[in-house]
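*Asks:* Number 111 in this note's numbering belongs to position 111 of the sequence shown; there are no gaps in the numbering.
The beta carbon of each residue, even a glycine, is placed where N, CA and C say it ideally should be.
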Amino acid sequence: MPPILGSKRPKNLKRTAKQFLHYLGRHKILLFIVAILVTISALANLLGTYMFKPIIDEFANPESDNFKNLWQGILLEACIYLCGALATLGYTQIMVYLAQKVIFELRRDMFSKMETLPLSFFDHQTHGQIMSNYTNDIDMLADSMNNAFAMLISNFIQIAGLFVLIFILNWLLSILCTIFYIIIFIYVLYASKRAKKNFEKQQEAMAQLNGFVEESLSGQKVVMVFNHEEENIKQFIEQDKYLQKVGEEALRYSFSMIPFVVSVSYINYAVVAIIGALLALNPVLGVTFTLGSISTYLVYVRQATMPINQFTQQSNLLLGGLAGAERIFHLIDETPEIDDGTVTLVNVKEADNKLIEVNEKTNTWAWKKSDDSLEKLKGDVRFYNVDFGYYENKLILNDLSLYAKPGQKIAFVGSTGAGKTTITNLINRFYEINSGSITYDGIDVKDIKKQDLRRSLGIVLQDTHLFTGTIKDNIKYGKLDATDDEVIAAAKLANADSFIRRLPDGYNTYITGDGANLSQGQRQLLSIARAMIADTPVLILDEATSSIDTRTEALVEKGMDKLMEGRTVFMIAHRLSTIKNSNAIMVLDHGVIIERGTHEELLAKKGIYYKLYTGALELD
Ligand SMILES: Nc1ncnc2c1ncn2[C@@H]1O[C@H](COP(=O)(O)OP(=O)(O)OP(=O)(O)O)[C@@H](O)[C@H]1O
Ligand SMILES: [Mg+2]
């Protein structure tokens, strides 16, 4: 059996139901109308049957004017059933609207929450598992809302009403019926408990399978390169089999309910019919039966099978839906990124050596502190004794201290896994540090509102990502209100303009699948252009030019030099030639800065950097 990631989660039906009702509760008026219509529909059904009694009794009475009363009775029945039908139509239509609305709200809340979650959340699950929340879990919930929710209430009313009415008609016989119903109830309870457990497993297994398919898709090339197709199919089948097994278990229990309920109901019917007939002939304990009573009674007993049957089916459907809802709420309840920063980034203009906050765009920025004082954005970044690890017990960065004054170009070099990307992840607060502090223009980054902090940083990530859309849209991602001229200027600076113009639709060329139709280097050029258009005082370039040929790289650098003027730049590059003219180079090894200085200083030192540069050493 493949491991099920979510199986450790608490299965709290009561809490899930409460949360779900909270969503439904936002539409109180509609729910109230549904409740009324459901009641009308259920009562109409009960009353319709009950009215047979006087009609039959009238008809069997030789003294009455049978036909006149018969017509009246039939007309009354027609009215009752028409009311019932209209009420049913009404509540099903409202429920369709309600279900779609609630599902819309859940999807919206789930996505909004997802956008606020810390990166560490995504480190621990596959994308497919999260996707499963949006597809499979939502589907289950929508299905149960459309088909079960109102019907369940209706059936409950019908069952309760039927009970009352059969007791009114004949209490003695009803005691016997109750015994049968209790037997049914106990079995239904047992089977639905088992079914529910398996429904939850099914949802989790489905999420696991989705995750596997998603990974196979995104890593299709690697699968092919290593001839892993068969191994992949084997793994898939294993997971698929498990899903089949739990799905089967869930349905086995839920479908065993119907035949059980039907069989016991038929036995009940037969027993009641026989005893009822005997009672009609020989009253016991003063209990008698008229012809009308016995036929109505039998109709009720037969009728009871349907709501009980449906009740079991729908409670299953509802349980399945709630299993989906539980997983959805699990995502919605995740703790968002901590952001208690109060310092914001505002546009300012300078007048008489004073900063004044303005609403229009000035391209001059300042930090606005909680006491409303303004501090010009300069781009001074410092680390003080920073310790950090992705997991609690494993430090990646050890007592790291460094500073970058405004306009300085700081480079990190070091072996793979040394912690270079990690440092940049901390500046933009993708992760929280364990101890020490990081300041930006003298302000602790924890005090800066995350969005504003990230707005002040232009970042080219090590792994480029392009979105589905045109090239222009992708560059504009760095500045949503950029004009076409700005897009072209940024592309020119990044030296991307010439290749873009050679594409079939130029800047309007559509990119899909993370830019699969572009070369790796072209993707990097686009992400550089995207960072350039953002025009930020601090730039972080993580292997930004690693896939670009040296000639193009030289051109990009030329463009960037212009851009970098007056900006603080953190640069990570394996190709040491690209960082030669940095103000400071930090040589990192296992999360510790082992050397620092300018290119010349480090060469003169004849230490690790010297050996790296001359090719005499590879860090390990
Ligand atoms: N999201 C993460 N969760 C847990 N550990 C991580 C995560 N990202 C990186 N690490 C670990 O942190 C260490 C430093 O990784 P980092 O990405 O900073 O290296 P790097 O110096 O940028 O290497 P490269 O030159 O290959 O890009 C590595 O040992 C890596 O295993
Ligand atoms: Mg890296």
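Going by C-alpha distance, which of K409, V246 and K405 is nearest Q202?
*Replies:* V246
*Asks:* Using DSSP's beta-bridge definition, name the partner residues of R382.
*Replies:* Y403 and T439
*Asks:* Suppose contacts are defined by Cβ-Cβ distances below 8 Å. Is A99 in contact with N146 by that definition?
*Replies:* yes
*Asks:* Less than 6 Å between C-beta atoms, sequence neighbours within five positions excluded: which residues of the same chain meet that for K479?
*Replies:* I533 and A534
*Asks:* Any heavy atom of ligand 1 closer than 7 Å to the beta-carbon of Q125?
*Replies:* no
*Asks:* Alpha carbon to alpha carbon, what distance is there between L119 and I690?
*Replies:* Because the chain here runs from 1 to 620, residue 690 falls outside it and cannot be looked at.
*Asks:* May I ask you to report which of helix, strand or coil DSSP gives F199?
*Replies:* helix
*Asks:* Are A42 and I157 closer than 8 Å when you measure CB to CB?
*Replies:* yes
*Asks:* Could you name the residues of the same chain whose beta carbon sits closer than 6 Å to that of L566, not counting the 5 residues immediately before and after it, in chain order?
*Replies:* Checking the sequence shown, residue 566 turns out to be Gly, not Leu. Here G566 has G407 as same chain residues with Cβ atoms under 6 Å from its own Cβ, once five neighbours each way along the sequence are excluded.
*Asks:* If you draw a straight line from the alpha carbon of G90 to that of T483, how long is it in whole angstroms?
*Replies:* 51 Å
*Asks:* Just the C-alpha distance for T364 and D549, rounded to the nearest angstrom, thanks.
*Replies:* 35 Å
*Asks:* On a Cα-Cα basis, can you pick out the residue from G597, A323, R596 and F570 that is closest to A630?
*Replies:* Residue 630 lies beyond the residue range present for the chain, which begins at 1 and ends at 620; the question has no answer from this structure.
*Asks:* Do T312 and D57 have their beta-carbon atoms positioned less than 8 Å apart in this structure?
*Replies:* no
*Asks:* Tell me whether R567 sits in a helix, a strand or coil according to DSSP, three-state version.
*Replies:* coil
*Asks:* Does the beta carbon of Q462 fall short of 7 Å from some heavy atom of ligand 2?
*Replies:* yes
*Asks:* Tell me whether Y609, by its Cβ, gets closer than 7 Å to a heavy atom of ligand 1.
*Replies:* no
*Asks:* According to DSSP, is M51 helix, strand or coil?
*Replies:* coil
*Asks:* Could you say which of N495, H127 and K472 lies nearest to D505 if we only look at CA atoms?
*Replies:* K472
*Asks:* If I measure Cβ to Cβ from Q522 and keep anything under 8 Å in the same chain, skipping five residues before and after, which residues do I get?
*Replies:* Correct list, in chain order: A496, F499 and G515.
*Asks:* Out of curiosity, what's the CA-to-CA distance linking S112 and I130?
*Replies:* 13 Å
*Asks:* Looking at the C-beta of F383, does it have a partner C-beta in chain B at a distance below 8 Å?
*Replies:* Checking the listed chains, one finds no chain B in this structure; it contains a single protein chain.
*Asks:* As a quick exercise: from L21, G48 and L189, pick the residue whose alpha carbon is nearest that of G84.
*Replies:* Of L21, G48 and L189, the residue nearest in Cα terms is G48.
*Asks:* Give the C-beta separation of A351 and V381 to the nearest angstrom, bearing in mind that I take them to be a contact with Cβ-Cβ under 8 Å.
*Replies:* 28 Å between Cβ atoms; not a contact.
*Asks:* Classify K8: buried if its beta carbon has 16 or more other beta carbons within 10 angstroms, exposed otherwise.
*Replies:* With a pLDDT of 33 at K8, under the threshold of 50, the predicted position of this residue should be treated as unreliable, and no value is reported.
*Asks:* When DSSP builds the beta bridges, which residues end up paired with I572?
*Replies:* F412 and D542
*Asks:* Roughly how many angstroms separate the alpha carbons of Y134 and D589, rounded to a whole number?
*Replies:* 42 Å
*Asks:* Would I540 and I459 qualify as a contact pair, given that the criterion is a beta-carbon distance under 8 Å?
*Replies:* yes
*Asks:* Find out if the Cβ-Cβ distance for the pair R429, I475 is shorter than 8 Å.
*Replies:* no
*Asks:* Taking 7 Å as the cut-off, is the C-beta of I572 nearer than that to any heavy atom in ligand 2?
*Replies:* yes
*Asks:* Quick one: what's got a C-beta closer than 7 Å to I356's C-beta in the same chain, skipping five residues either side?
*Replies:* V348 and K349
*Asks:* Write down every uninterrupted run of the beta strand (DSSP E) in the stretch 432–482 whose length is 3 residues or greater and which is fully enclosed by it, in chain order.
*Replies:* Qualifying beta strand (DSSP E) stretches, in chain order: 435–440 and 457–460.
*Asks:* May I ask which residues mark the beginning and end of the alpha helix (DSSP H) holding D139?
*Replies:* D139 -> alpha helix (DSSP H) spans I138 to S144.
*Asks:* Distance, Cα to Cα, K580 vs R551?
*Replies:* 16 Å
*Asks:* In whole angstroms, what is the alpha-carbon distance linking L555 and E543?
*Replies:* 16 Å
*Asks:* In its own chain, which residues sit with a C-beta less than 7 Å from the C-beta of Q451, not counting the 5 before and 5 after it?
*Replies:* none
*Asks:* Using a threshold of 8 Å, state whether the C-beta atoms of I423 and M571 are closer than that.
*Replies:* no
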